[in-house]
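Using this note's numbering, the letters of the sequence shown correspond one by one to residues 37 to 332.
Glycine is no exception: its CB is placed at the ideal position from the N, C-alpha and C atoms.
As the structure is a computational prediction, the values presented were derived from the model and not from experiment.
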Amino acid sequence: MTKTELKHRSVARAFDSQRTLEGGGVEIRRGFPGPEIDEVDPFLLLDHMGPITIAPGQATGFPDHPHRGFETVTYLLEGQMEHKDSFGNRGFLEAGDVQWMTAGSGLVHSEMPGRDLVRTGGRLQGFQIWVNLPKRDKMTPPKYQELKAAVIPHAETASSDVKVKVIAGESLGMRGAIQVRTPILYLHLTLAPGATHVQEVAEKFNALAYIIRGEAQFAGAPERQGEGRLVLFAHDGGAVAISNPSSQPVDLLLLAGEPIGEPIARYGPFVMNTREEIYQAFADFRSGKLGEIPEN
Ligand code: FE2
């Protein structure tokens, strides 16, 4: 079957993400978890951080906190972020960079605006999504995959009306560089006014879109989905069809993944399969087993 023959998945639900504060008081829009949905298996959380303007000297970010049992994926659109963890790892993200962190058995980390950004002030914007790990991988040792913007595959159509950054999975013949434990698609798409794009997405995958800016329509439905909207697709086809009905470009994330289908026990920064494993995670954190971040 060719791509044009694949049935387009219809919109199951669409809703506004929720504005809230996270970490040390960073303004975010949270797609989920929230009043509409708890998770979109295997995705546990989607946060759009900012855009916020950091005043000179203001170091508002996400100070030391633990994680266990899943992966955090940070994709920075603007600004700089500095990352430190309790194993002595340090990372530095600039606009367009991706950090795919497998927290696994656990660590303590901090995610703060970069030093230059704190000194001079400026804009900060990005995404963090949480990807669940299957039971067999929850206690895997922590691991990082860090991709500079320059090595993230950029695909585009011949007429350049559709551009895709392929963070994970495949689009327009380009394959993302991230190694995933369960099949995942993570795309940042930009469609020029009037452009359309049909993205193959396996029917069994859970799939969602988040509109960063502009307006999009899906599967030919008349509703326009604007900034901050979270769109969930039904399992009724093998592709997601996106079009831009407006006179401005639209930027959106398209995420899809094979559901893990295991029980989820979740409390704050820990996501396990049972309540007992959550108690254990807290006990391990309190007793220092997840470590501490060195002062310098
Ligand atoms: Fe974190």
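{"query": "Given 8 Å, three or more beta-carbon pairs between the region 229-245 and the region 262-274", "result": "yes"}
{"query": "Cβ-Cβ distance between residue 245 and residue 222 below 9 Å", "result": "no"}
{"query": "Local Cβ density within 10 Å of residue 288, reported as buried at 16 or more and exposed below that", "result": "buried"}
{"query": "Straight-line Cα distance separating residue 208 from residue 194", "result": "10 Å"}
{"query": "Cβ-Cβ separation, residue 114 to residue 160 (assumed contact under 8 Å), whole Å", "result": "6 Å"}
{"query": "Close beta carbons around residue 170, own chain, < 6 Å, minus the five adjacent residues each side", "result": "296"}
{"query": "Test item: CB-CB of residue 63 and residue 85 under 9 Å", "result": "yes"}
{"query": "Outcome for residue 147 when other beta-carbon atoms lying within 10 angstroms are tallied against a minimum of 16", "result": "buried"}
{"query": "Any non-hydrogen atom of ligand 1 closer than 8 Å to residue 147 Cβ", "result": "yes"}
{"query": "Distance between residue 253 and residue 87 (C-alpha atoms, nearest Å)", "result": "24 Å"}
{"query": "Contact test: residue 305 Cβ vs ligand 1 heavy atom, cutoff 8 Å", "result": "yes"}
{"query": "Range covered by the beta strand (DSSP E) that runs through residue 249", "result": "242-249"}
{"query": "For residue 179, the nearest candidate out of 158, 196, 214 (CA to CA)", "result": "214"}
{"query": "Heavy atom of ligand 1 within 8 Å of residue 96 beta-carbon", "result": "no"}
{"query": "Among 109, 145, 136, 104, nearest to residue 330 - alpha-carbon criterion", "result": "145"}
{"query": "Contact test: residue 108 Cβ vs ligand 1 heavy atom, cutoff 8 Å", "result": "yes"}
{"query": "Distance CB(residue 234)-CB(residue 42) smaller than 9 Å", "result": "yes"}
{"query": "Element boundaries [beta strand (DSSP E), containing residue 88]", "result": "79-90"}
{"query": "For residue 135 and residue 129, believed in contact at Cβ under 8 Å, the rounded distance", "result": "6 Å"}
{"query": "CB of residue 44 within 9 Å of CB of residue 324, strictly", "result": "no"}
{"query": "Contact belief for residue 247 with residue 264 at Cβ below 8 Å, rounded distance in angstroms", "result": "7 Å"}
{"query": "Any non-hydrogen atom of ligand 1 within 8 Å of residue 44 CB", "result": "no"}
{"query": "Contained alpha helix (DSSP H) runs [length at least 4] in the region 145-227, N- to C-terminal order", "result": "151-156"}
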